[in-house]
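Novice: Below is the structure I would like to discuss, written out as structure tokens.
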């Protein structure tokens, strides 16, 4: 099981949009193989950079309102939020070095 905590349609505003931290939301689904592949990589990044970024997961099947609001049409999709705004979007499963490169601005 992932170390990242789950957020829902009901908690998204409080946990993500109102957070003072930089938050990466992993939009995923149980049936999605690439989502399951990227989960442990995100857990590693979260533990290595806990002081800089928080990683949470949102199950798109269980939380369709938030997924629709942010136009999630393919998963895995990862969006970085800062100050309630999306500042970076990463689509698709990638190896750890590629994800770290995509997120470098938020991990430094």
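Residue numbers (our numbering): 554 to 661. Note that the Cβ used here is the ideal one computed from N, Cα and C, for glycine as well. Since the structure is predicted, the reported quantities are computational estimates derived from the model, not experimental observations.
(1) With distances taken from CA atoms, which of 568, 642, 635 and 660 is nearest residue 627?
(2) When you compare the segment 591–602 with the segment 614–627, are there three or more beta-carbon pairs, one atom per stretch, that lie closer than 8 Å?
(3) Please classify residue 632 as buried or exposed, where buried requires at least 16 other C-beta atoms within 10 Å of its C-beta.
(4) Tell me whether residue 619 sits in a helix, a strand or coil according to DSSP, three-state version.
(5) Going by other Cβ atoms of all chains shown within 10 Å of its Cβ, with 16 needed for buried, is residue 638 buried or exposed?
(6) Taking the CB atoms as reference points, tell me whether residue 565 and residue 613 lie closer together than 8 Å.
Specialist: Put simply:
(1) 642
(2) no
(3) buried
(4) helix
(5) exposed
(6) no
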